[in-house]
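What follows is one structure encoded as structure tokens, with my remarks underneath.
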Amino acid sequence: MKHTTVLREDLNKALETLKNGGLILYPTDTIWGIGCDATNIEAVEKVFALKGREQHKSLIVLLHNDNQLAGYVNDIPEVAYDLIEYTERPLTIVYSNAKNLAPNVIAADGSIGIRIVRHPFCEQLLQRFRKPIVSTSANISGEASPSHFEEISEPVKAGVDYIVEYGQYEKGDGKSSTVMKLDPSGKFEFLRK
1 MKHTTVLRED
11 LNKALETLKN
21 GGLILYPTDT
31 IWGIGCDATN
41 IEAVEKVFAL
51 KGREQHKSLI
61 VLLHNDNQLA
71 GYVNDIPEVA
81 YDLIEYTERP
91 LTIVYSNAKN
101 LAPNVIAADG
111 SIGIRIVRHP
121 FCEQLLQRFR
131 KPIVSTSANI
141 SGEASPSHFE
151 EISEPVKAGV
161 DYIVEYGQYE
171 KGDGKSSTVM
181 KLDPSGKFEF
191 LRK
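Sequential numbering from 1 applies to the sequence shown in full-length UniProt numbering.
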């Protein structure tokens, strides 16, 4: 059985969970992720606790449109918009001077990794939620990232408040996004290709 359409009930339950500060397990344009409201400190703490991850390690957040970037980043180099538009693979850009996010999502140097997501479920969820969502691999820290739903461990499944049904039967390529650090001057370096 393959889900091709986003079911309204599935979307509503995920949305309700995010609004209530809960954690969701959901498919993204890369791999399955653990997600929460990226502006909610307590929700972000739950992500770190579930993953057993050190708080100083920053998280990636997802947005559905590059028009939203200015709400969460102070200095956006013009080249960022071209990179987002023309990239073929999912691209996470690390920007300096993050704002309007939970402090525990932002790295110690004030930067934040943001990906403009192209995925049917994520796009609809983000459009309706109207806030960025944390996306971190659906695994306990130190374990391999699951390339598809069947590889997600039971402790992770048990640790979230809602598991999205969409995409559970689909096999993605299991690849993480390309990560690029982009400073306000437009200079960039690849952190992960």
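Even glycine gets a Cβ: it sits at the ideal position worked out from N, Cα and C.
Membership of residue 81 in the alpha helix (DSSP H) is indicated by the continuous run 79–86.
Counting the other CB atoms within 10 Å of its CB gives residue 141 a total below 16, which places it among the exposed residues. Judged by DSSP secondary structure, residue 189 falls within the beta strand (DSSP E) whose first and last residues are 188–192.
Put simply, the backbone Cα of residue 156 is about 6 Å away from that of residue 139. In this structure, residue 22 lies away from residue 166, with their beta-carbon atoms at least 8 Å apart. A Cβ-Cβ distance of about 18 Å is found for the pair residue 160 and residue 41, leaving them out of contact under the 8 Å criterion. Collapsing the DSSP output to three states places residue 181 in a strand. Across the structure, residue 102 and residue 51 are spaced so that their CA atoms are roughly 18 Å apart. For residue 98, the pairing in a beta bridge is given by DSSP as 73.
Residue pairing by DSSP places residue 37 opposite 133 in a beta bridge. Counting C-beta atoms within 10 angstroms of its own C-beta, residue 95 has 16 or more neighbours from the protein chains shown and is therefore classed as buried. Per DSSP, reduced to three states, the secondary structure at residue 7 is coil, with no helix or strand assignment. Taking C-beta atoms as the reference points, residue 72 and residue 112 count as a pair closer than 8 Å. The C-alpha of residue 38 lies about 19 Å from the C-alpha of residue 90. A direct Cα-Cα distance of roughly 29 Å separates residue 144 from residue 16.
According to the DSSP secondary-structure assignment, residue 92 is paired through a beta bridge with 115 and 179. Rounded to the nearest angstrom, the Cβ distance from residue 64 to residue 127 is 5 Å, consistent with a contact under 8 Å. At a Cβ-Cβ threshold of 8 Å, residue 175 and residue 30 count as neighbours.
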